[in-house]
Amino acid sequence: MTHLLPALFSLALSLMPLISWSQAAVKPPEVRFGQVTVADFALKPVPNDTTAEAVVLYESVETEFELGSYINMVSTYFSRIRINKKSGYGQATLTVELGNSGKIRRLEGMTYLLKDGQIVRNKMDKDAIQIEEVTDDNHIQKFTLPGVEEGCIIEYRYTWVSPQARTLSSWNFQHSIPVIWSDFKATVSNYYFQQAILTGYLPLTINEAKPSSVSLRSEGSWQLHFAMANVPAFRDEPFITTPRDYMARVEFELASATASGVRSKKYFGNWEDVDNKLLKSDYFVDQYKKAPYFRGVASNIMNEVSANDTLARVKAAYEFVRTTMTWNERCSLYSMQLKKVLDLKKGDVADLNFMLIGLLRDLGLVANPLILSTRNHGHVDEDVGLLRNFNYVVAHLTLGGKDFVLDATDRFVKPGMLPLRALNGSGRLILPDGKSRFVSLTPTERNTRTESALLTLSTTGELTGTMSYAYGGYGDVEARRSVAVLGREKLLEEVKHMKPAWQIEKIDISDFTDNKLPLTIDYVLTLPEGAQVAGDRMYFQPLLTEGISKNPFKQPERQFPVDFAVPSDETFMATYTLPNGYTVEELPKPLALSLPNNGGRFNYQVQQQGNQLLVVSRISIRKPVFPANEYVLLKEFYEKILLKHGEQIVLKKGATLAEKK
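Numbering (mature numbering (1 follows the signal peptide of the UniProt record, and there is no 0)) for the sequence shown: -24 to -1, 1 to 637.
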């Protein structure tokens, strides 16, 4: 989640924040380098996190601009951290990226130990500071604080100088460890008109912007002060896009430059500015407007496929590009040398999808680029017109009045589907004449897997028979990819490694070459210890190795959504033939669960029919994203499934119905 903070450094615009907070009652702590007290060793965040390996007691940055031959951005960083456990020793080593022209001034560090009620200081030596060259354009400076022990406090301070910088550096209020106080201050000139963007789900404790008495050239200046108190540790939980979508931080974008009260150059604007930049780029529009490379292919498709069957023509074009070309796994919005890419038969996402758009247009179809951000790149905020938030482009058509998307990078994704990496909220359809718009990237398929087992149980507890897996939607895509990458033999080795209880005699893979049919994988197998024999009883779990073995949700609460990317459906069906001389003593009871707002269902049932047991378990997640306020219910949902899948069937030797009564 992002919030546009007031457009900063402009007297003409309101400085009222877009989020609510109480500023008057908050007074920042007064913390200075070198002034650690005994009380600091006992400071705790609120609420206290007893699992934290370390705690940031205080951190700050103060930025100003120095005027000389150039305008240099000068930022002084200060951090004080208490290390609670050995696993937190890594906090004592810091790496600072300098780029090719940045430099560090006045770097100093100290470690504090509390011994018999007295504070012992250990100053960092200059030998602990190292400068390394990563590339010709990037250097880093590393240092490690000395004498680190459990319970110690470390602090460091340095000034970073960035020549000719125009935009304030971003600031993270949240880290992998708790933060008691995080403080950002800056004095900035009205010459550079910037926009502040707050990301995450936590409110600012202090949010101030006021005119400054410091004069930076003739345009005047502003003082900014943002702070957060008692920031919880960010834990990289399952089912998220990328951590930077959820961590509390503030970023800045250069909107424009102003001289003598006149805005001379615009950098950050609205979506119309983004659209126009792309539509005017030779490396964007021209790549699919002036790409005659596939006209022979288009002619063949038109000869072979009726003009009345638009979808068939679309599929033919899609199949040609994705089977002819190979994606190099690079993301881009621009294509530079399409002819060279065609010769190599390999290119990035823009290369391949611009080819597809060009081919579709040669077929007389209205195809256009749709730009988006992949899941690992971060969400796109429709309120923030930033081109850098996008890193991926696909083809778009309107078929039957509905949006239809194509991505030629993936040989296993069907027409109308996007790869999982591209399912991330919404994308922007780039159209001329101011008609560009956002398009929802709602998944059109589910992730489905159906397991069917026919197994016979012996008196020794051995299970023999068959297990079949049928995949659909995104489950089918990933299964086909695994088969293609691993091959039959390596796939078999992988399954044996993951399921050591299985003794696999045979594996069959069906319909791999025809993606119109679900991929199925059949195993002939034996489970020597499928059931445990204890005296005159036998015990086994109905789902064997296929049930849920742990709850994916560990934390008691969650501040951000659960993002599954796509709905899912997992079904397990088994028929067990019981051994002679055994009868059923105990069966798990049926269970039906539902999530609110039609979010999902779980159905479980075990039935006896003569000497056979029929088992059905189905977990259906019907929506891809759950808000944070439904997290606890989702966690409880999986906890109940976990318990139910762990229940056992109990058989008794020689028992009769009369004896059981």
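Virtual Cβ for every residue (Gly too), placed ideally from N, Cα, C.
Just so it is clear, the structure is predicted and the values come from calculations on it, not from any experiment.
Enclosing beta strand (DSSP E) for residue 641 [first to last residue]: Residue 641 lies beyond the stretch modelled for the chain, which goes from -24 to 637, so this question has no answer here.
Cβ-based neighbour list, residue 212, same chain, cut-off 7 Å, excluding 5 preceding and 5 following: Within the same chain, and ignoring the five residues on either side of residue 212 in sequence, the residues whose Cβ sits closer than 7 Å to its Cβ are 219.
Alpha helix (DSSP H) runs contained entirely in the stretch 372 to 443, provided each spans 4 or more residues: None, since the stretch 372 to 443 contains no complete alpha helix (DSSP H) of that length.
May I ask which residues mark the beginning and end of the alpha helix (DSSP H) holding residue 115? No alpha helix (DSSP H) holds residue 115; the beta strand (DSSP E) holding it covers 114 to 120.
By DSSP, does residue 342 sit in helix, in strand, or in coil? Here residue 342 sits in coil by DSSP.
Using the beta-carbon count (16 or more within 10 Å), is residue 473 buried or exposed? By the 10 Å Cβ count, residue 473 comes out exposed.
Should the stretch 114 to 129 be regarded as contacting the stretch 72 to 85, the criterion being three or more beta carbon pairs within less than 8 Å? With a cut-off of 8 Å, the stretch 72 to 85 and the stretch 114 to 129 count as touching, because enough Cβ pairs lie within range.
Does DSSP classify residue 41 as helix, strand or coil? Residue state, collapsed to three classes: strand.
Who are the Cβ neighbours of residue 611 in its own chain at under 6 Å, not counting the five residues just before and after it? 529, listed in sequence order.
Going by the CB atoms, is the gap between residue 398 and residue 447 shorter than 8 Å? One thing to note: residue 447 has its Cβ no nearer than 8 Å to the Cβ of residue 398.
Compute the distance between the beta-carbons of residue 31 and residue 58, then report whether it is under 8 Å. Going by C-beta atoms, residue 31 is nearer than 8 Å to residue 58.
Buried or exposed: which applies to residue 320, given that a residue is buried once 16 or more other Cβ atoms fall within 10 Å of its Cβ? Result: exposed.
Leaving out five residues before and five after residue 34 in sequence, what residues of the same chain have Cβ atoms less than 6 Å from its Cβ? For residue 34, the CB contacts under 6 Å within the same chain, skipping 5 residues up- and downstream, are 7, 56 and 157 in chain order.
In the DSSP assignment, what are the bridge partners of residue 551? In DSSP, residue 551 forms a bridge with 430 and 590.
Note down, in chain order, each residue of its chain lying with its Cβ closer than 7 Å to the Cβ of residue 393, except the 5 sequence neighbours on either side. Here the set comprises 420 and 421.
So is residue 171 buried or exposed if we call it buried at 16+ other beta carbons inside 10 Å? Result: buried.
Let me make sure I understand the geometry here. Which of 489, 627, 250 and 372 has the alpha-carbon closest to that of residue 456? Minimum Cα distance to residue 456 is reached at 489.
Taking Cβ positions, are residue 508 and residue 437 nearer each other than 8 Å? If you check the CB distance, residue 508 and residue 437 come in under 8 Å.
On the premise that residue 316 lies in contact with residue 654, defined as a C-beta separation below 8 Å, what is that separation, rounded to the nearest angstrom? One cannot answer for residue 654 here, as it falls past the ends of the chain, which runs -24 to 637.
Do you know whose CA, among 601, 579, 616 and 567, lies nearest residue 573's CA? Selected option, being the one with the closest Cα: 601.
Give me the residue from 451, 96, 440 and 354 with the minimum Cα distance to residue 401. Nearest C-alpha to residue 401: 354.
Buried or exposed by the 16-neighbour rule on C-beta atoms within 10 Å, applied to residue -3: Only weak support is given to the placement of residue -3: the predicted model assigns it a pLDDT of 38, under 50, and the value that follows is read from those uncertain coordinates. Classification for residue -3: exposed.
When you compare the CB positions of residue 349 and residue 356, do they come within less than 8 Å of one another, or not? Yes.
Near residue 17, what residues of its chain come up, given a Cβ to Cβ distance below 6 Å and the 5 sequence neighbours on each side ignored? Result list for residue 17: 90, in chain order.
Taking 8 Å as the threshold, find out whether the stretch 251 to 266 comes into contact with the stretch 325 to 336 through three or more Cβ pairs. Enough Cβ pairs lie closer than 8 Å, so yes.
Out of 592, 575 and 628, which has the shortest C-alpha to C-alpha gap to residue 620? Comparing Cα-Cα distances from residue 620 to each of 592, 575 and 628, the minimum goes to 592.
Distance, residue 205 Cα to residue 21 Cα: Approximately 9 Å between the Cα atoms of the pair.
Return the first residue and the last residue of the alpha helix (DSSP H) that residue 180 is part of. Note, residue 180: premise wrong, no alpha helix (DSSP H); not H, not E.
Residue from 135, 93 and 599 whose Cα sits closest to the Cα of residue 128: It is 93 whose Cα lies nearest to the Cα of residue 128.
Inter-residue spacing [alpha-carbon to alpha-carbon] between residue 187 and residue 99: Residue 187 and residue 99 have their C-alpha atoms spaced approximately 39 Å apart.
Leaving out the 5 sequence neighbours to the left and right, which residues in its chain are closer than 6 Å to residue 301 when beta-carbon positions are compared? 321 and 328.
Along the chain, which unbroken stretches of the alpha helix (DSSP H) at least 4 residues long are found entirely within the stretch 444 to 505? The stretch 444 to 505 contains these whole alpha helix (DSSP H) runs: 449 to 474.
Nearest-angstrom Cβ-Cβ length linking residue 627 and residue 560, presumed shorter than 8 Å: Yes, residue 627 and residue 560 are in contact; Cβ-Cβ is about 6 Å, under 8 Å.
Just checking my contact of residue 540 with residue 597 at CB under 8 Å: how many whole Å lie between their CB atoms? Contact flag correct, Cβ pair sits at about 6 Å.
Around the C-beta of residue -13, are 16 or more other C-beta atoms found within 10 angstroms, so that it is buried, or is it exposed? Residue confidence is low: residue -13 scores 25 on pLDDT, short of 50, so the model does not pin down where it sits. Its coordinate-derived value is still stated next. Here residue -13 is exposed. Its C-beta has fewer than 16 other C-beta atoms within 10 Å.
So residue 181 packs on residue 203, CB below 8 Å; how close in whole Å? Residue 181 to residue 203, Cβ: 5 Å. Contact.
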